[in-house]
Amino acid sequence: MSYLIEARNLSKSFGQKAVLQDLTFSLPAGEPIALIGPNGAGKTTLFSLLCGYLPASSGELKVLGHKPGSSALFGRVSALPQDAMLDPNFSLLTQLSFFGQLQGMSKSTALAESRRVLSLVDLAANAEQKATALSHGMRKRVAIAQALMGSPELVMLDEPTAGLDPVNALQVRQLIANLSNEASFIISSHNIFELERLCGTVLYLEHGKLVQQSQVHSAATQGYLTLTLEAGAQSDVLPILRQLPGVISVSDSQKHEYVLQFDAELAPDFDLTLLMALRQHGWRYRMLTKGQTLEQQLFAVTAKQA
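With numbering that gives the first Met the number 0 as the guide, the letters of the sequence shown map in order to residues 0 to 305.
Here's what the structure looks like:
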């Protein structure tokens with residue numbers, strides 16, 4: 000099987016400081032991939048290694064079957080930094096076509112490619128405008144269009160919705176989801192809620208180490224229900240939930256929210272059992288979802304390692 004990215008015992012140090020330590024993982028092409036971790040976890044350094052901006056200190060790394068920075072990857076890999084800037088003095092079409100020519104396109108090909116990517120991000124009508132005439136959300140979409148020039152197979156986005164209001168963030172998220180047929184995306188972000196709805200695979204880094212690689216909607220989330228009650232429920236919720244047939248464990252991850260692990264084979268209709276218990280005790284609920292949230296999965300892993 001060929002992978003989008005393969006890393007084996009990958010490490011990077013700056014002097015005596017180890018920034019990435021012995022990472023081993025394989026990532027398939029397809030659904031967007033989330034790269035998560037606190038500040039200083041090594042996310043930006045990993046992006047830099049993938050792009051070929053920095054050499055690894057030790058270990059092996061392959062992107063689309065080649066060493067990062069190889070001429071074989073020219074035009075096949077693209078990266079968008081968080082604070083990418085647009086020149087205020089030139090139109091969108093002029094800027095994008097300039098970037099296309101830097102990739103080796105002819106002027107006419109670069110212009111056609113610029114119009115294509117602007118259409119992908121729904122900004123074809125703004126091609127002759129300058130960046131100063133656009134909203135912050137529109138400028139983000141132009142930056143994504145720039146990253147799509149030349150139809151790269153792998154696109155890396157660093158905090159693509161940072162600083163956006165909820166409406167614009169949703170538009171960018173939908174855009175990435177729609178473009179997933181065009182390219183494979185790796186997205187670095189602190190917004191776990193956003194990544195959970197967009198990505199299929201998660202890499203979680205902490206202190207330069209790979210703490211977890213998992214599927215967002217994997218078998219590991221089966222046999223779980225997440226219950227969110229309305230405020231004002233009785234204080235004896237936890238012991239009552241733990242006594243329900245089929246329950247393995249119950250944890251209150253945050254106020255009024257409970258994660259129930261149950262035996263899916265012994266209690267295949269556990270959701271109905273839970274709803275009957277809620278009715279019996281007069282508890283009103285705001286949300287009942289199957290599985291664990293991504294935040295709960297990551298918290299459970301880091302809590303075990305603490």
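We put the CB at the ideal spot given by N, CA and C, even for glycine.
All values reported here derive from a predicted model rather than from experimental measurement.
Handout entry: Where Q94 sits in the DSSP three-state scheme
Key = Note: Q94 maps to helix in three-state DSSP.
Handout entry: Close-in-space but distant-in-sequence residues of the same chain around S213 (CB under 6 angstroms, 5 per side omitted)
Key = V201
Problem - Spatial distance of R196 from G39 (CA atoms) - result: 25 angstroms
Handout entry: G36 versus V249, L277, E264 and I186, residue with shortest Cα-Cα distance
Key = I186
Exercise for the section: Could you check what DSSP says for L342 in three-state terms: helix, strand or coil? Expected result: This structure leaves residue 342 out entirely; the chain is present only between 0 and 305.
Exercise for the section: Return the chain-ordered ranges of every alpha helix (DSSP H) run that is complete within the stretch 121-200 and spans a minimum of 4 residues. Expected result: 135-146, 165-178 and 191-197
Exercise for the section: Please list the segments of the beta strand (DSSP E) lying wholly inside the stretch 23-64, counting only runs of 3 or more residues, in order along the chain. Expected result: 32-35 and 57-62
Practice task
Compute the distance between the beta-carbons of P31 and F184, then report whether it is under 7 angstroms.
Solution key: yes
Problem - Contact set for A109: own chain, Cβ-Cβ below 7 angstroms, skip 5 residues either direction - result: Answer for A109: S96, G99 and Q100, listed in chain order.
Problem - Outcome for E264 when other beta-carbon atoms lying within 10 angstroms are tallied against a minimum of 16 - result: exposed
Handout entry: With 16 other Cβ atoms within 10 Å as the buried cut-off, status of E112
Key = By the neighbour-count rule (16 or more Cβ atoms within 10 Å), E112 is buried.
Exercise for the section: Could you tell me whether the stretch 245-264 touches the stretch 222-231, using the rule of 3 or more Cβ pairs below 8 angstroms? Expected result: yes
Practice task
Look at the alpha carbon of G103 and the alpha carbon of S70, and state the distance between them as a whole number of angstroms.
Solution key: Spanning the alpha carbons of G103 and S70 requires a straight line of approximately 13 angstroms.
Problem - Outcome for Y203 when other beta-carbon atoms lying within 10 angstroms are tallied against a minimum of 16 - result: buried
Handout entry: A6 versus H189: straight-line alpha-carbon distance, rounded
Key = 23 angstroms
Practice task
Starting from R75, trace the beta strand (DSSP E) both ways and give me its first and last residue.
Solution key: No beta strand (DSSP E) contains R75, which DSSP labels as neither H nor E.
Practice task
Could you confirm whether any beta carbon from chain B is found closer than 7 angstroms to the beta carbon of L48?
Solution key: Here chain B cannot be found, since the structure has a single protein chain.
Problem - Rounded separation between L259 and T44 - CA only - result: 37 angstroms
Exercise for the section: State buried or exposed for Q242, treating a residue as buried only when at least 16 other CB atoms are found within 10 Å of its CB. Expected result: exposed
Handout entry: Simplified DSSP assignment, three categories, for S10
Key = In the structure shown, S10 sits in a strand (DSSP, three-state: E or B).
Handout entry: D262, buried or exposed, once every other Cβ within 10 Å from all chains shown has been counted against 16
Key = exposed
Practice task
Take every Cβ of the stretch 87-95, pair it with every Cβ of the stretch 49-68, and state whether three or more of those distances are shorter than 8 angstroms.
Solution key: No, because fewer than three Cβ pairs between the stretch 87-95 and the stretch 49-68 fall closer than 8 angstroms, the two stretches do not touch.
Practice task
Identify, in the order they occur along the chain, each residue of the same chain with its Cβ nearer than 7 angstroms to the Cβ of G162, setting aside the five sequence neighbours on each side.
Solution key: H135
Handout entry: Rounded C-alpha distance that separates V166 from T131
Key = 20 angstroms
Handout entry: Limits of the unbroken beta strand (DSSP E) element including M286
Key = Y284 to K289
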